[in-house]
Amino acid sequence: MANNLILEKLVGVKRRFEEVGQLITQPDILSDMKRYVKLNKEFKELEPIIHKYDEYLNVLSNIDTAKEILATEKDEEMREMAKMELDELNGRVDPIEEEIKLLLIPSDPEDDKNAVLEIRAGSGGDEASIFAGDLLRLYTKFVESKGWSMEITSFTEGTQGGFKEIVANVKGNGVYGIMKYESGVHRVQRVPQTETQGRVHTSAASIAILPEADEFDVDLRNEDIRRDEYCSSGPGGQSVNTTYSAIRLTHIPTGIVVTCQDQKSKLKNLDKAMIELRTRLYNLEYQKYLDKISAKRKTMISTGDRSAKIRTYNYPQGRITDHRVGVTIYNLPSFMDGNIQELINQLQMAENAERLKESII
């Protein structure tokens, strides 16, 4: 039997889909790039819902036809065929309704964006820096497996290896929507390389995944930005270290400072620094949204709570435990080689279940 609440929602979605379809062809919208991009994105998000709505209506229509045949047809062979078709159609209704429910859950508007990846060593001294380096390798392997690209913009090396902190841009299809589940504190339990007595230590590193802001997300005024140019430091050759190619941007109203020195070109460093500055400003507001949904979701999935301990990597037992969904995987070497999609799939399913409870269907 058709779910009337679903049909009511779908009628509204269909109306909006047609409205947006008309808007994106109008001259005044085409001339306003910011509004056009927003509406075009909405159109593409609504399209799969409309396709499923059409399939749903077709099934319901065929059910009515089969019932009418059973009520009026005298020929037994026709009645038997109608009965078989009715059974098959009735079996399709519930699965389609479940698919529609998931499609009707409002998607995170940031999911399609590229992301800024931040890894910072936490408690544990040199071992924490080494673990931060291990996590960088993990994500580098994962990014490669997805066909994405990663570009490091700044880093500080650890004294015994690894990194005290590292920032990288990750670009690809739907990066943030997949990697956002990695935000939080990652804890490692193992015998450090610096340990002489074989004792297991616990160290930590924090991960932050930020949706990369584009030029339409943040209105940056030149008068609000102080720009400093200085000589790059670290590896890169003589030209990098002796020319004023490094860029430091300070956003005066908020005090946010970003730097970029990985390119020999001043313009390229400036471009990267502007992207990071926009992203950090955008995330000041985005964090309010994350805080709001974290109050509703017990698992804190994708809320960006960077103080929450989300995962433990136990080397003696060869296991990884994700504390948000209570999942333990006994395949640590493979996981550290970037094979994390299986766990991300479970986190996505858990989040969808929570969002489904929030929706009024």
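Residue numbers (my numbering): 968 to 1328.
Every residue, glycine too, gets a C-beta built ideally from N, C-alpha and C.
Note that the coordinates shown come from a computational prediction; the quantities given were computed from them, not determined experimentally.
Under the three-state DSSP convention, the category residue i falls into
| i | result |
| --- | --- |
| threonine 910 | For the chain, the structure presents residues 968 to 1328; residue 910 sits outside this window and is missing. |
| serine 1173 | strand |
| lysine 1080 | coil |
| threonine 1120 | strand |
| leucine 1187 | coil |
| tyrosine 1282 | coil |
| alanine 1088 | strand |
| alanine 1213 | strand |
| tyrosine 1197 | strand |
| histidine 1018 | helix |
| arginine 1104 | helix |
| isoleucine 1145 | helix |
| threonine 1246 | helix |
Nonlocal neighbours in the same chain, by C-beta distance under 8 Å from residue i, ignoring five residues either side
| i | result |
| --- | --- |
| leucine 1244 | Leu1187, Ile1192, Leu1216, His1218, Ile1223, Val1225 |
Option in the options with minimal Cα separation from residue i
| i | options | result |
| --- | --- | --- |
| glutamate 975 | Leu997, Asn1250, Leu1024 | Leu1024 |
| leucine 1299 | Glu1190, Lys1147, Arg1157, Lys1034 | Arg1157 |
| threonine 1107 | Ala1317, Asn1319, Glu1321, Asn1306 | Asn1306 |
| serine 1074 | Ile1145, Arg1104, Ser1112 | Ile1145 |
| arginine 1278 | His1153, Ala1172, Thr1221 | His1153 |
| glutamine 1315 | Gly1091, Arg1247, Tyr1148 | Tyr1148 |
| asparagine 1140 | Asp1042, Pro1159, Met1117, Arg1247 | Met1117 |
| glutamine 1228 | Glu1190, Thr1221, Ala1240 | Ala1240 |
Rounded C-alpha distance that separates residue i from residue j
| i | j | result |
| --- | --- | --- |
| isoleucine 1072 | phenylalanine 984 | 16 Å |
| valine 1292 | lysine 1276 | 12 Å |
| aspartate 1078 | isoleucine 1214 | 29 Å |
| glutamate 1064 | serine 1212 | 57 Å |
| isoleucine 1067 | leucine 1027 | 14 Å |
| isoleucine 991 | leucine 1006 | 7 Å |
| serine 998 | glutamate 1012 | 22 Å |
| glutamate 986 | alanine 1095 | 53 Å |
| leucine 1323 | glutamine 1313 | 15 Å |
| glycine 1203 | tyrosine 1197 | Residue placement at glycine 1203 is poorly supported in this model, since its pLDDT is 46, which falls under 50; the coordinates still yield a value, given next. If you take the alpha carbons of glycine 1203 and tyrosine 1197, they lie about 15 Å apart. |
| glutamate 1111 | isoleucine 1119 | 14 Å |
| arginine 1002 | glycine 979 | 21 Å |
Outcome for residue i when other beta-carbon atoms lying within 10 angstroms are tallied against a minimum of 16
| i | result |
| --- | --- |
| glycine 1353 | This structure does not reach residue 1353, given that the chain is present from 968 up to 1328, and the question cannot be answered. |
| tyrosine 1253 | buried |
| asparagine 1236 | buried |
| asparagine 1250 | buried |
| glutamine 1284 | exposed |
| aspartate 1171 | Position check: residue 1171 holds alanine in this sequence, whereas aspartate was assumed. Alanine 1171 comes out buried. |
| serine 1206 | Any reading at serine 1206 needs caution, since the residue's pLDDT is 44, under 50, leaving its predicted position unreliable; the model's value is listed next. So serine 1206 counts as exposed. |
| serine 1121 | buried |
| serine 1269 | Note that serine 1269 has pLDDT 49, beneath the 50 cutoff, so the model's placement of it is unreliable and no number is given. |
Residues of its chain near residue i, where Cβ-Cβ distance is below 7 Å and the 5 sequence neighbours each way are ignored
| i | result |
| --- | --- |
| phenylalanine 1109 | Gly1305, Ile1307 |
| aspartate 1093 | Gly1125, Thr1126, Gln1127, Thr1161 |
| lysine 1050 | Leu1037 |
| alanine 1082 | Val1137, Val1142, Tyr1143, Met1146, Ile1176, Leu1177, Pro1178, Glu1179 |
Residue-chain proximity (residue i, chain C), Cβ-Cβ < 8 Å
| i | result |
| --- | --- |
| alanine 1135 | The displayed structure is made up of one protein chain only, and chain C is not part of it. |
Proximal residues to residue i (C-beta, below 6 Å), its chain only, five neighbours per side dropped
| i | result |
| --- | --- |
| tyrosine 1233 | According to the sequence as given, residue 1233 is lysine; it is not tyrosine. Here the set comprises Ser1212. |
| tyrosine 1282 | Arg1157 |
| threonine 1288 | Thr1279, Thr1295 |
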